[in-house]
Amino acid sequence: MKKRMMELAAISMSVLMAASLGACGSGGGDDKGNGSDDSKKEESTASADESKGGDKEIVMWANGTEDPDKSIWNYAIDKYNEGKGKETGYQVSYVPTQNDTYKEKLVVAVSSGECPDIYQTWSGGPMIEYVEAGFGQPLDEYIDKYNLKDVLMDAALEQGTYNGKVYGLPVLNVAISGIYYNKEMFEQYNLEVPTTISDLEKVCDTLVENGITPFALANASKWTGSMYFMNLATRYGGLEPFQKAVSGEGTFEDESFVYAGEKIQEWVKKGYFPEGVNSLSEDDGQGKQLLYQDKAAMTCIGSWYTGTIKQDSEEFYNKLGWFPFPAVDGSSADASIIIGTIGDGFLTFNCTGEKLDAAFEMASYYFDDEELDFMVENGKIPPVKKAKDMITDPVSQQILEAATNASSVQLWYDQYLPPVVSEAHKDTCQELFGLTMTPEEANKELQKTMDEYNSSHNEE
0 MKKRMMELAA ISMSVLMAAS LGACGSGGGD DKGNGSDDSK KEESTASADE
50 SKGGDKEIVM WANGTEDPDK SIWNYAIDKY NEGKGKETGY QVSYVPTQND
100 TYKEKLVVAV SSGECPDIYQ TWSGGPMIEY VEAGFGQPLD EYIDKYNLKD
150 VLMDAALEQG TYNGKVYGLP VLNVAISGIY YNKEMFEQYN LEVPTTISDL
200 EKVCDTLVEN GITPFALANA SKWTGSMYFM NLATRYGGLE PFQKAVSGEG
250 TFEDESFVYA GEKIQEWVKK GYFPEGVNSL SEDDGQGKQL LYQDKAAMTC
300 IGSWYTGTIK QDSEEFYNKL GWFPFPAVDG SSADASIIIG TIGDGFLTFN
350 CTGEKLDAAF EMASYYFDDE ELDFMVENGK IPPVKKAKDM ITDPVSQQIL
400 EAATNASSVQ LWYDQYLPPV VSEAHKDTCQ ELFGLTMTPE EANKELQKTM
450 DEYNSSHNEE
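Now the structure itself:
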């Protein structure tokens, strides 16, 4: 286990964005998904065990239930089915499932041995466990066959790599964590974009005084609250505390994690988050609705929100700004570090032979110029080397600049950690927002889970 997690740590530490993206001419759950009442009705028609078709059917699972993600995933599928698929006889079926349900469904499928032919992952610990369980094939032969090393960002390929082989094909987005804000609201209250936590708190205090909730957060899904914890801990102590805690050389009771928990609870008590934050559903859109209704001024979320908001309301999107999570006052930690994924929406392939040949040929269409243009038009930053030359949207340019200038990338904690530890992380984060655990209690519980996992896997 320690060896495995150190390899994963090496991946995170080696993805140096300034070098890799600068060389590429361009600029990383969580997607973290799209969801609506309509999408839930649609997904209910897809049986949970709909993982394998006939010999000539290729079943693909992903969490894109709404546009633009749904159309992005369907582009290559439709093109293949209507073209080469008619020659080979293979047809690809897409089964979309709302984000949180998708993750649970995938775990059940892997556990029962009914994993689909192609499925979306976010790399990291879960992908590694699925691969080690025998539900992922190395893709290096196909990467070479379709010359994708010349197309994809080096950092994106590296993030989908385990034990020197590519198991996750990066498709969807350069997705990093940052803060979206309402520019009109900032102008109304004479607020400036903050660069430090103390600056951010001054902004938040002014908003609270004027009856505005600073942050739109719907934390029933738990990973949304984790965004704040990850950023605060990383801005306080950099990458090292987390890397050491995972490898067993350190602990989640480190002062970086104590600081993150204390700051979250301070902000909860000061009214920086909406009432009943842990009961609000991100998948039902309750977080972004606070933004749209001018009840909240900001949200800390992954940059897939660019496409989501643009799709929802072009009018609201035009008053949207973005800035990286501010630095902690007095900390020596590198504030250019980003948290996210370079390729958000990796495809892992659970098939072999001619079926794998056909499945990957379909996936290669995701890098067609028409598909890449569609991604960019809908607020995505595709993980390709020419992305920088394609991006003209101001918000996406800011995000790309932050990614390009970053010294390194930290994969989302809930995707980096093994699934059982990831759940403990999300659970304890939610307890912090609910003020039902102290930071010390939450961190002790997380460390206990990490220790138990390492102990049960020490033979690896």
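Numbered per numbering that gives the first Met the number 0, the sequence shown spans residues 0 to 459.
Glycine is no exception: its CB is placed at the ideal position from the N, C-alpha and C atoms.
Quick caveat, the model's predicted, so the values are computed rather than measured.
When DSSP labels each residue in this structure, what does residue i get in the three-state scheme?
| i | result |
| --- | --- |
| Pro417 | coil |
| Asn172 | strand |
| Gln97 | coil |
| Ser92 | strand |
| Val150 | coil |
| Thr212 | strand |
| Val383 | strand |
| Cys350 | coil |
| Ala61 | strand |
| Leu231 | helix |
| Val192 | coil |
| Gly344 | strand |
| Gly224 | helix |
| Gln136 | coil |
| Gly164 | One point to set straight first is that residue 164 is Lys, not Gly, in the sequence displayed. Strand. |
| Gly339 | strand |
| Gly286 | helix |
| Pro393 | helix |
| Pro240 | helix |
| Met449 | helix |
Note down, in chain order, each residue of its chain lying with its Cβ closer than 6 Å to the Cβ of residue i, except the 5 sequence neighbours on either side.
| i | result |
| --- | --- |
| Gly159 | Ser122, Val165, Gly167, Pro169 and Phe345 |
| Gly135 | Tyr129, Tyr166 and Thr347 |
| Gln396 | Ile390 |
| Lys182 | Lys318 and Gly320 |
| Glu261 | Pro438 |
| Met361 | Ala75, Tyr79 and Val91 |
Measure the alpha-carbon distance for residue i versus residue j and round it to whole angstroms.
| i | j | result |
| --- | --- | --- |
| Thr351 | Ile398 | 37 Å |
| Glu369 | Lys78 | 11 Å |
| Thr195 | Val109 | 43 Å |
| Ile142 | Ala155 | 13 Å |
| Gln446 | Gly249 | 10 Å |
| Pro438 | Ile127 | 30 Å |
| Lys384 | Tyr364 | 16 Å |
| Asn277 | Met374 | 32 Å |
| Gly53 | Trp60 | 16 Å |
| Val202 | Phe251 | 30 Å |
| Glu400 | Asn172 | 15 Å |
| Gln310 | Gly177 | 19 Å |
| Gln90 | Ala132 | 26 Å |
| Lys379 | Val267 | 32 Å |
| Ile71 | Glu208 | 42 Å |
| Asn453 | Asn189 | 50 Å |
| Pro325 | Ser197 | 9 Å |
| Gln187 | Leu371 | 37 Å |
| Ser92 | Ile76 | 8 Å |
| Ile117 | Ser246 | 30 Å |
| Leu231 | Ser255 | 8 Å |
| Asp413 | Asp153 | 23 Å |
| Asp30 | Gly210 | Residue confidence is low: Asp30 scores 42 on pLDDT, short of 50, so the model does not pin down where it sits. No coordinate-derived value is stated. |
| Phe493 | Asp333 | Any answer about residue 493 is impossible in this case: the structure gives the chain only from 0 up to 459. |
| Thr100 | Lys221 | 13 Å |
Note down, in chain order, each residue of its chain lying with its Cβ closer than 7 Å to the Cβ of residue i, except the 5 sequence neighbours on either side.
| i | result |
| --- | --- |
| Ser35 | Residue placement at Ser35 is poorly supported in this model, since its pLDDT is 37, which falls under 50; the coordinates still yield a value, given next. Glu65 and Gly284, listed in sequence order. |
| Pro323 | Gly177 and Ala401 |
| Leu279 | Ala217, Asn218, Ala219, Pro273, Gln285 and Gly286 |
| Asn377 | Pro67, Gly306, Lys309 and Gln310 |
With 16 other CB atoms within 10 Å as the buried threshold, where does residue i fall?
| i | result |
| --- | --- |
| Asn442 | buried |
| Thr391 | exposed |
| Gly82 | exposed |
| Ala423 | buried |
| Gly306 | buried |
| Leu289 | buried |
| Thr435 | exposed |
| Lys104 | buried |
| Glu353 | exposed |
| Gln119 | buried |
| Gly224 | buried |
| Gln409 | buried |
| Pro115 | buried |
Where DSSP assigns a beta bridge to residue i, which residues make up the other side?
| i | result |
| --- | --- |
| Ala295 | Thr212 |
| Leu319 | Asn181 |
| Tyr118 | Trp60 and Thr347 |
| Gln187 | Gln187 pairs with nothing; no bridge assigned. |
| Ala326 | Thr195 |
| Ile300 | Gly177 |
| Val408 | Ile337 |
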